[in-house]
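K.L.:
Attaching a single structure in structure tokens format; questions to follow.
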Amino acid sequence: MAGDAPLFSFGLLADAQYADMPDGNTEGRRQAYREVPDKLQAALADLRGTQPPLAFVMHLGDIINGNPAGQEQCDTEFDLVATIFKRELGGEIPAVHVVGNHCLSVPRQTLLQRLHIPPSCYFSRSLGSGWRLVVLDTTEMSGHSGYPSDSEQCREAQEFVAAHPMSDEDPQMSSWNGGITRRQLGWLQQELAAAEAAGERVLVASHHQLGQGGARATHMAWNWREVQEALLASPAFCAAFAGHDHTGGYACIDRRHFITVEGLLEAPSGGNAYAVVDVHADRLVIHGRGSVTSRQLPL
134 MAGDAPLFSF GLLADAQYAD MPDGNTEGRR QAYREVPDKL QAALADLRGT
184 QPPLAFVMHL GDIINGNPAG QEQCDTEFDL VATIFKRELG GEIPAVHVVG
234 NHCLSVPRQT LLQRLHIPPS CYFSRSLGSG WRLVVLDTTE MSGHSGYPSD
284 SEQCREAQEF VAAHPMSDED PQMSSWNGGI TRRQLGWLQQ ELAAAEAAGE
334 RVLVASHHQL GQGGARATHM AWNWREVQEA LLASPAFCAA FAGHDHTGGY
384 ACIDRRHFIT VEGLLEAPSG GNAYAVVDVH ADRLVIHGRG SVTSRQLPL
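Using my numbering, read the sequence shown as starting at 134 and increasing by one per residue.
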């Protein structure tokens, strides 16, 4: 029913992508890098004040942009944004961070320690009320993963790129995209099977989109086809949230939802981009703020 209370709610942001740099212009869209701290602070303060309190706030990757001024500048910018998250959410609301390609402008270990991300960078947690959140790392298999050149992750990335050159068939094979390794895919399938056995429903989060049509073809995960197949094969899977494609997007496949959240970086001056997601037994309701699209998604 329209007036019933949600089982729980959570906050959602994507692509804060802060840098102390002049505005950018990509495809005619403005990237207001220096406006990010104020927008992020305002968004998190509003989310913190939401009633009833949110179960968590999730950022879908690219917390910083990276800066050609060098590593020390990147570290300073990361410190500023991480401090804003800690100050605004404190111990009141847990923050869940997804790793994005621009995040790796600082060392992976720095991300893990400061943002409290588990060592593998992919993980799951029970949300209660019969729901589970599964967070994937679509930078693990990429050319910018930060793993050693002789690691399993790098070898698999090199093999995948060699087998899938950039083409009209595979427009997602840009170097700034990435995917999940075979090991991570197997783990995902185990998590989905465990959720099925427990009678849980699953929300998935990743930086790159995993469902065809949910983002522009050029912004999908490298091996989105295999991941989409695994997700749709599980009756536990309900919806996947991604960032990366700042313009946002949405696809519904077999009554499952693939949402790309509009990037905070490209919110207009005086505006913002974030959302509150209400989880009901029969639907997800995305209450967009600013540039983020509001949606009612039946389950």
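Where a beta carbon is used, it is the ideal one built from N, C-alpha and C, also for glycine. Note that the coordinates shown come from a computational prediction; the quantities given were computed from them, not determined experimentally.
If you draw a straight line from the C-alpha of W309 to the C-alpha of A350, how long is it?
P.N.:
13 Å
K.L.:
Going by C-alpha to C-alpha distance, which of V229, E289 and L432 sits closest to L87?
P.N.:
No statement about residue 87 is possible, as the shown extent of the chain runs from 134 to 432 and does not include it.
K.L.:
Count the other CB atoms within 10 Å of the CB of N158; is the residue buried (16 or more) or exposed (fewer)?
P.N.:
exposed
K.L.:
Among C254, T216, L365 and R163, which residue has its Cα nearest to the Cα of S380?
P.N.:
At residue 380 the sequence reads Thr, which differs from the Ser that was named. With distances taken between Cα atoms, T380 lies closest to R163.
K.L.:
Report the residue ranges of all beta strand (DSSP E) runs contained in full by the segment 187-269; include only those spanning at least 3 residues, in chain order.
P.N.:
190-192, 228-230, 256-261 and 264-268
K.L.:
In terms of residues, what are the limits of the alpha helix (DSSP H) holding G319?
P.N.:
Run containing G319: R315 to A331, per the alpha helix (DSSP H) assignment.
K.L.:
Who are the near neighbours of D411 in its chain, counting only those whose CB is closer than 6 Å to its CB and skipping five residues on each side?
P.N.:
Correct list, in chain order: P139, S142 and V418.
K.L.:
Mind listing, in chain order, the continuous beta strand (DSSP E) runs of no fewer than 3 residues lying wholly within the segment 389-427?
P.N.:
389-393, 406-412 and 416-423
K.L.:
Do L177 and L245 have their C-beta atoms closer together than 7 Å?
P.N.:
no
K.L.:
On the DSSP bridge list, what partners appear for Y166?
P.N.:
In DSSP, Y166 forms no bridge with anything.
K.L.:
Please classify M134: does DSSP put it in a helix, a strand, or coil?
P.N.:
Any answer about M134 is weak, because its pLDDT of 47 lies below 50 and its placement is not dependable; what the coordinates show is given next. M134: coil per DSSP, three-state reduction.
K.L.:
With 16 as the cutoff for other CB atoms within 10 Å, does A328 come out buried or exposed?
P.N.:
buried
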